[in-house]
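S.K.: Going by this note's numbering, the letters in the sequence shown line up with residues 773 to 859, in that order.
Let me give you the structure first, and then I'll get to my questions.
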Amino acid sequence: MKKALAAVCALGLALSAPAFAGEGDKTKMVEDHLKKMDTNGDGMVSMEEHRAAADKMFMEADTNGDKMISKEEMIAYKAKEKAKAGH
Ligand SMILES: [Ca+2]
Ligand SMILES: [Ca+2]
773 MKKALAAVCA LGLALSAPAF AGEGDKTKMV EDHLKKMDTN GDGMVSMEEH
823 RAAADKMFME ADTNGDKMIS KEEMIAYKAK EKAKAGH
């Protein structure tokens with residue numbers, strides 16, 4: 773469980789991590805990420821679920837589909853995530 777949560781945090785940071793969010797927001801953010809990744813709804817993120825979420829994130833960021841994320845694509849992705857989060 774602890775391990776799964778650490779993975780969630782890592783992906784959360786990799787995604788967009790609002791730098792100015794308070795502690796409460798951070799907890800909520802982790803919960804949101806967990807909910808997003810927990811596709812079978814058992815309250816935990818399995819390795820498969822985490823991998824699927826990471827793959828999805830990669831594909832979303834790789835806008836030209838060359839299986840590589842350039843600095844520009846990463847910046848665009850982060851901006852998109854930030855806009856989605858409403859910050
Ligand atoms: Ca699960
Ligand atoms: Ca690319």
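Positions of the beta carbon are idealized from the N, C-alpha and C atoms, including for glycine.
Rounding to the nearest angstrom, what Cα-Cα distance links Val802 and Glu820 in this structure?
M.R.: For Val802 and Glu820, the distance between alpha carbons rounds to 18 Å.
S.K.: Closest by CA to Asp834, which one among Gly813, Glu845, Ala825 and Gly794?
M.R.: Glu845
S.K.: Could you name the residues whose beta carbon sits closer than 6 Å to any heavy atom belonging to ligand 1, keeping them in chain order?
M.R.: The filter returns Asp810, Asn812, Asp814, Met816, Val817, Ser818 and Glu821, in chain order.
S.K.: If you draw a straight line from the C-alpha of Met716 to the C-alpha of Glu832, how long is it?
M.R.: With the chain covering only 773 through 859, there is no way to say anything about residue 716.
S.K.: Measure the alpha-carbon distance for Asp797 versus Asp814 and round it to whole angstroms.
M.R.: CA-to-CA, the gap between Asp797 and Asp814 works out to about 23 Å.
S.K.: Does Gly815 come out as helix, strand or coil in the three-state DSSP assignment?
M.R.: coil
S.K.: Cα separation between Tyr849 and Leu806?
M.R.: 20 Å
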